[in-house]
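Some notes on the structure that comes next.
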Amino acid sequence: MGVLRVALRPAGALFLAAGVFASGLAYSQPSVSPFKDELFSAQSVLKSADSGNYIILDYDEMRDINGRDTIVEKRVQDKYVSLKVRAQQKDITVPTAAGMVKTYQIGKLTPQTSMIVLYLHGKGGSRHQGVNDFTFGGNFNRLKNLVTQAGGVYLVPDFSDFAAKGTAEIAGLIAVAKQSAPKAKVFVTCGSAGGVLCWQLAADANASLQIDGLALLGSLWDDQFRNSTSFKRKIPVFLSHGSRDPVFAIDSQEAFYRSLRKAKGGYPVVMHRYETGNHGTPIRMTDWRLALNWLVSKAP
């Protein structure tokens with residue numbers, strides 16, 4: 003099988019190797035400009051299908067972990083990060099309708115804020131995961147830089163549980179943020195079991211009207227999503243998954259992807275499969291600039 007190279011050109015346009023992503027992930031006016039694209043965006047595509055909406059990406063643990071980190075899984079090489087963004091980062095407690103919510107906020111919420119991106123951790127995690135500059139290959143550091151350089155705000159909260167209370171807390175945080183940035187698009191990204199909150203927010207009567215897109219990384223699916231207001235609004239859904247994920251089976255996530263693609267009138271959903279990737283691979287490898295620009299381009 004031939005290997006295609008996909009990269010994001012410094013000028014800001016998506017380079018489409020042999021038509022890859024020609025339909026699925028192409029965007030005309032990218033909102034998120036390049037940041038260390040030469041390190042994060044040149045990923046090898048093993049297969050592209052479904053008009054570019056489903057792709058299989060090459061992943062190699064020795065190259066993408068051992069060859070990238072100075073301390074394996076604990077500290078990435080310095081060239082992958084820029085710590086200047088820390089000047090915009092603060093750890094705060096926000097009063098919401100569901101109680102006090104501790105969250106990191108990177109960037110300033112104003113009427114001009116372009117987007118609000120949230121990251122919700124999985125079981126055993128905390129708000130500290132999504133702001134750690136050096137773990138997961140520096141991908142959270144890149145996310146912070148991409149969002150703030152695009153005039154957006156990145157929120158990484160704690161929450162009480164993965165049930166009703168946690169959902170209410172995140173919905174409350176989104177509502178508070180939207181008061182300061184009413185025109186901002188809201189994208190909720192969820193790692194692993196954090197996806198429970200993604201789907202519960204999508205089904206929530208109020209939050210579903212404020213969320214403009216979801217990204218699920220090594221996470222789960224929701225067969226009830228098609229009954230939600232979010233589905234009716236056609237909020238875009240970005241799925242990223244490792245083929246060897248032992249927690250959430252790739253077959254079930256791919257079946258969910260296909261079910262959305264078959265929905266009447268089509269549905270804005272893409273899936274990135276990292277071949278040989280494990281449970282945490284999508285958090286390390288997802289190309290956030292490509293993902294965010296696609297979410298922006300498909301947001302209602």
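Numbering (the numbering used here) for the sequence shown: 3 to 302.
Built from N, CA and C at the ideal position, the CB exists for glycine as well.
Residue i - DSSP class collapsed to helix/strand/coil
i	result
residue 23	The predicted model places residue 23 with a pLDDT of 41, which falls under 50 and marks its position as unreliable, so this point remains unresolved.
residue 69	coil
residue 275	strand
residue 197	helix
residue 50	strand
residue 76	coil
residue 161	coil
residue 120	strand
residue 191	strand
residue 39	helix
residue 59	strand
residue 202	helix
residue 92	strand
residue 212	coil
residue 45	strand
residue 136	coil
residue 222	coil
residue 83	coil
residue 246	coil
residue 129	coil
With 16 other Cβ atoms within 10 Å as the buried cut-off, status of residue i
i	result
residue 273	buried
residue 179	buried
residue 126	exposed
residue 278	exposed
residue 298	buried
residue 171	buried
residue 81	exposed
residue 47	buried
residue 33	buried
residue 302	exposed
residue 209	buried
residue 225	exposed
residue 114	exposed
residue 93	exposed
residue 275	buried
residue 270	buried
residue 154	buried
residue 243	buried
residue 169	buried
residue 74	exposed
residue 281	buried
residue 300	buried
residue 228	exposed
residue 157	buried
residue 163	exposed
residue 187	buried
residue 267	exposed
For residue i, the residue or residues it bridges with in DSSP
i	result
residue 240	217 and 272
residue 115	Paired residue(s): none; residue 115 is not in a bridge.
residue 97	102
residue 156	108 and 119
N-terminal and C-terminal residue of the beta strand (DSSP E) that residue i is part of
i	result
residue 103	101–108
residue 297	It is not in any beta strand (DSSP E) - residue 297 instead sits in the alpha helix (DSSP H) that spans 290–300.
N-terminal and C-terminal residue of the alpha helix (DSSP H) that residue i is part of
i	result
residue 168	166–182
residue 284	283–287
residue 262	252–263
residue 149	141–151
residue 231	231–235
Proximity test, Cβ basis, 8 Å: residue i and chain B
i	result
residue 251	Judged by its chain identifiers, the structure shown contains no chain B, having just a single protein chain.
For the pair the region 117–134 and the region 185–198, tell me if three or more CB-CB distances fall below 8 Å.
In this structure the region 117–134 lies against the region 185–198, because at least three pairs of beta carbons, one per stretch, are closer than 8 Å.
How do the region 103–110 and the region 63–73 stand: do at least 3 beta-carbon pairs fall below 8 Å, yes or no?
No: the two stretches stay apart, fewer than three of their Cβ pairs being nearer than 8 Å.
Just checking, does the region 131–139 make contact with the region 216–224 on the three C-beta pairs under 8 Å criterion?
Verdict: no, contact absent.
Please determine if the region 287–297 and the region 245–262 are in contact, where contact requires at least 3 C-beta pairs separated by less than 8 Å.
Contact between the region 287–297 and the region 245–262 is absent, because fewer than three Cβ pairs lie under 8 Å.
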